[in-house]
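K.L.:
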Amino acid sequence: MKRIGLTILVLAFAGWTAPSSAWEDGPAQVRNCTWCHGMAGQGYTVAPRLAGQRPDYLESQIKSFREHTRDNPFSKQYMWSAVAAVGPLEARDLAVYFASIAPKPASDGDRQLAARGRTIYLEGIPEANVASCYACHGPNAEGVRDIPRLGGLAFPYLKMRLEQWSQGYHSGTGTPMPTVARSLGPAEIDALASYLSFVR
Amino acid sequence: MTIGFGPSAQALPSFARQTGQPCGTCHTDFPSLTPYGRRFKLLGYTAGGGQFRTTPFSSSSGVNARAELDKLRGYANAINPSVPDDSKVYVPPVSLMAIVGYTHTQAATVAPPTDPYRANDNVVLSPFSAFWGGAITDHIGAFAQVTYSAPDPLSALSGTPADQFKHTWSWDNADVRFASTASFGPFDVVYGITANNNPTVQDLWNTTPAWSFPYAVSSLAGTPATSTMLEGAFAARVGGVGAYSSINDLLYLELTAYKTLGFGQQNSLGMNPFDGPGLLGNVAPYWRVALEPHWGRHSLMVGTFGMYFDVHPWLDPSFATGTTATQTQSNRFTDVGFDTQYQYQGDNYWLTLRGSYIREFQRLDASFANLAAANPTNLLNSMKLQASFAYGNDNRIVLTGQYFNIWGTADAGLFGTDPTTGMALTPNSNGWTAEVAYIPFSASKSIGWPWFNSRIGLQYTYYNKFNGTSIGAHDNNTLFLHAWFAM
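Protein sequence lines correspond, in order, to chains A and B. Using numbering that gives the first Met the number 0, the letters of the first sequence correspond one by one to residues 0 to 199. Using numbering that gives the first Met the number 0, the letters of the second sequence correspond one by one to residues 0 to 486.
#1: Counting C-beta neighbours from all protein chains within 10 Å, is the total for I98(B) 16 or more, i.e. buried, or is it exposed?
#2: Would you mind working out which of S74(A), S59(A), T44(A) sits nearest Q163(A), comparing C-alpha positions?
#3: Can you tell me which residues form a DSSP beta bridge with E253(B)?
#4: Excluding five sequence neighbours on each side, which residues of the same chain lie with their C-beta closer than 6 Å to the C-beta of K165(B)?
#5: Which of the residues in the segment 336-350 of chain B, read from start to end, lie with their CB under 8 Å from any CB of chain A?
#6: Is M179(A) near A127(A), with beta carbons less than 7 Å apart?
#7: Determine, for R37(B), whether the minimum Cβ-Cβ distance to residues of chain A falls below 7 Å.
#8: To the nearest angstrom, report how far apart A442(B) and T33(B) are at their CA atoms.
#9: State buried or exposed for V45(A), treating a residue as buried only when at least 16 other CB atoms are found within 10 Å of its CB.
#10: A442(B) versus chain A: which residues are under 7 Å apart at the beta carbon?
#11: Quick one: using the 10 Å Cβ neighbour count with 16 as the cut-off for buried, is W168(B) buried or exposed?
#12: Is the shortest distance between the beta-carbon of V45(A) and the beta-carbons of chain B less than 7 Å?
#13: Mapping DSSP to helix, strand and coil, what is V179(A)?
#14: With distance defined between alpha-carbon atoms, name the residue in I61(A), Q41(A), A90(A), R53(A) nearest to T172(A).
#15: Please state the DSSP three-state secondary structure of A186(A).
#16: Using a Cβ cut-off of 9 Å, pull out every chain B residue sitting near D107(A), in sequence order please.
#17: Closer than 6 Å by C-beta to F127(B): which residues in its own chain qualify, once you throw out the five before and the five after it? Chain order, please.
#18: Per DSSP, which one or two residues make a beta bridge with E359(B)?
#19: Which chain B residues are close to N31(A), counting only those with a beta carbon under 7 Å from its beta carbon?
#20: In the DSSP assignment, find the alpha helix (DSSP H) that holds H169(A) and state where it starts and stops.
#21: Who pairs with K258(B) in a beta bridge, going by DSSP?
#22: Can you have a look at A90(A) and say buried or exposed, based on whether 16 or more other CB atoms are within 10 angstroms of its CB?
#23: Exposed or buried, which one is Q320(B) when buried takes at least 16 other CB atoms within 10 Å?
#24: Within a Cβ cutoff of 7 Å, which residues of the same chain sit near F273(B), ignoring the five residues on either side of it in sequence?
#25: Where does M422(B) sit, in a helix, a strand or coil, going by DSSP?
#26: Report yes if the CB atom of S329(B) is closer than 7 Å to the CB atom of I357(B), and no otherwise.
#27: Please report the distance separating the alpha-carbon of Y348(B) from that of I246(B).
#28: Could you list which residues in chain B have their beta carbon closer than 7 Å to that of P155(A), in chain order?
#29: Closer than 8 Å is the cut-off here; do at least three beta carbon pairs connect the segment 407-420 of chain B with the segment 390-397 of chain B?
#30: Could you list the residues in the segment 308-325 of chain B with a C-beta less than 9 Å from some C-beta on chain A, going in chain order?
#31: Using a Cβ-Cβ cutoff of 8 Å, what residues of the segment 390-414 of chain B are near chain A? List them in chain order.
#32: Is it a yes or a no for the segment 460-472 of chain B touching the segment 411-428 of chain B, going by three-plus beta-carbon pairs under 8 Å?
#33: In three-state terms, what does DSSP make of Y214(B)?
#34: Helix, strand or coil for R16(B) per DSSP?
#35: Applying the 10 Å Cβ sphere with the 16-neighbour rule, what's the burial state of F197(A)?
#36: Please report the distance separating the alpha-carbon of L370(B) from that of L260(B).
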């Protein structure tokens, strides 16, 4: 018991004095994010990848969570609380930090649907009045400014988000996505999400 | 009859205060963990984000380090370091828990004299616990518990001097962790150190003994007399230090070494030493390997765990001779466990399937030499198969069913003989446990959040076989209605 007590004491002291040398772990605020978004922010279960995401987009979404304008069920359940104490400066810090991490593609979609998904991404579906994604999200789905990087996000996340646009959920103010995506059918969503999951 | 301590059980409002998250983020139904609950534990109970300051110690040094590195990376104009955590109010992460339960057994199982209880149909407050649950520093956190357990009925006291060591207050589960992260090429690693007092209390899955279902049990109903060493025989009687690592959120590895506390130490901490099997002669190693692939809303775990015990039994557990010495010879137990879990997160429900199997190889040199055991070696097996469905974000209803089976070698010395046939009895017990529970607040924040939550459970345990015989096994069937408060 004495040894255990000593070990605890030593660990407590080391932890108290060591944070400045433990950069790999990042500041505590980063750990509050990687807790759910996975090691290095690469995504974990229903929490999407943050690594490599556009910093302006991350910042805008934190703001949307804070203001409760991004209102899908998991956002309500997890993110509204998670960012309630995150101020604008800290949001900027976190956005820049995660944007700087190299993203790893989830590659978890259906490869057989990827070609169809690529066509939709690049050309849209003119007969259904679905615009091409390429126009805003970029040729390699890398995003720009506060338009998110889609390439390499997990298939289940992309599919859920694409479905939610037509279910009345919101992301932020002024986003055209409810209009753009509401005509996508289940097959198109599967194809698009599959393709994007493989994009590096 | 075996009087069991009610298991400790945890879903701590102090964690909610620290993280800002509702209970349902970490618990399907407390204390059962979601993937995020497992990661919170993996990260040493240190993740924050709530309205309260995470630790009493400043984290400004970490922020400064970040600013320095960011300058090197060229982010200088983007970064304006802020230390919001330091401006929050610090509330020590202390929580309380109480379980009040009504117990009805098919036949009265509290033998006379029953004081301070009745022969059946008792309402008992047990356990009542106080916790430290949360971060101590940015990298160190603790889950530590002291517990009041209702006293045994008079009939459970043997009248021997050993009874003087029985207690109602004791230390309970304790797990102090250091955790950090690192990246090595393609490998992202969480690594840490755990110091704890109960093998498997540090584990992340509810398939290993310390946190397995049922999470609340009656303190008065009879339970099977035999279990493997890993299933709590040394809970709060050991101290262990180990290292663990999680690689790429996929592979979990752990190695921990335990030593028993001495007689006086156990007694001082509120444990009756003679209720344990004895003292460990050597360091007891515990190992754990788990592979947990996850995809979308699914997570699967396949793992193995185990421990080796070199147990010197008490020389005189009745204390009639006044000695606290142990036998020079020892019994050796090698426990090898296999477990698996599948978990699916729906929009407003969780489905969890669990299975665990522990095979214990017993070499009973001490007990065989002292004629306490009829065989020099025995085998003991313990299996649990469980399904749980937690429905609803709030007003959550949880249905859980579990089949359990304990079986092993017949041994007249250890288990006695059948009065009818004269054959040696086995340790065999098996049956089912079903529970329906109601949790008012899970995914959102209750009126009292983050200071209060509760769980109402109706549990029924049915025995096909009890302590080697099916005769009278049903007498132990138990209805346990309980209200569980956490604050």
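The C-beta atom is built at its ideal place from N, Cα and C for all residues, glycine as well.
P.N.:
In brief:
#1: buried
#2: S74(A)
#3: Y243(B), R287(B)
#4: N271
#5: Q344, D346, N347
#6: With the sequence shown as reference, residue 179(A) is identified as Val, and Met is not the correct amino acid for it. No. Outside cutoff.
#7: no
#8: 12 Å
#9: buried
#10: Q76
#11: exposed
#12: yes
#13: helix
#14: I61(A)
#15: helix
#16: W294, G295
#17: A97, Y147
#18: D334(B), L379(B)
#19: A46, G47, G48
#20: Run containing H169(A): none; DSSP gives neither H nor E here.
#21: G238(B)
#22: buried
#23: Per the sequence shown, residue 320(B) should be read as Thr rather than Gln. Exposed is the call here.
#24: A161, F164, W313, P316, F318
#25: coil
#26: no
#27: 28 Å
#28: G295, R296
#29: no
#30: none
#31: N392
#32: yes
#33: coil
#34: helix
#35: buried
#36: 27 Å
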